[in-house]
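Using this note's numbering, count along the sequence shown one by one with no gaps and you end on 714.
The C-beta atom is built at its ideal place from N, Cα and C for all residues, glycine as well.
First the structure, in the form of structure tokens, and then the observations on it.
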Amino acid sequence: KFAADYLKLDVEKDPEPEQNRFVRSDQYSFVMNGIPALHIKYGNKTNIPGFDMDGFVKQWRAKYYHQSADGLDGIFNFTAAKTYVQLNFLISYSIAQTPDRPVWNKGDLFGTVRQ
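Written out as structure tokens, the structure is:
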């Protein structure tokens, strides 16, 4: 929460939990071995009034995601990318500076994988 607050970002629950993106991520193999991992994703909010981010993302996925047409053709938002990198850095750095190692939340599914 510290990093999001510092960057004035909202933290929200996964807007599409049915997609199960975490279990399809590179981080999944870590948690299956009992190693806590972060999987930070963008949300569906924007600071552009009236912009349909949800519709834009769905259209982009259909046209570009894992397609040969996926490239830097002007739709890449470098300002948003910078904020995303800053968020990941601040979270990782704050965890690294904590004297205690990360622990699983009590009752967490992945916390029971490797005891």
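In the three-state scheme derived from DSSP, where H, G and I count as helix and E and B as strand, Leu689 is classed as helix.
In this structure, Met652 and Lys662 do not form a Cβ contact; the two beta carbons are roughly 16 Å apart against a cut-off of 8 Å. Nearest neighbour of Asn646 by Cα position, chosen from Phe709, Asp609, Tyr605, Gly706, turns out to be Asp609. If you draw a straight line from the Cα of Lys612 to the Cα of His638, it comes to about 12 Å. When secondary structure is reduced to three states using DSSP, Arg660 falls in the helix class. With 16 or more other Cβ atoms from the protein chains shown falling within 10 Å of its own Cβ, Ala602 counts as buried. Out of Phe621, Pro635, Lys607, the CA that lies nearest to the CA of Ile694 is found in Pro635. Between Leu708 and Leu606 the beta-carbon gap is near 29 Å, outside 8 Å, which marks them as no contact. In this structure, the alpha-carbon of Lys705 lies about 24 Å from that of Tyr692. Where Phe650 is concerned, there is no enclosing alpha helix (DSSP H), because DSSP gives it neither an H nor an E. The Cβ atoms of Lys600 and Arg620 lie no closer than 8 Å to each other.
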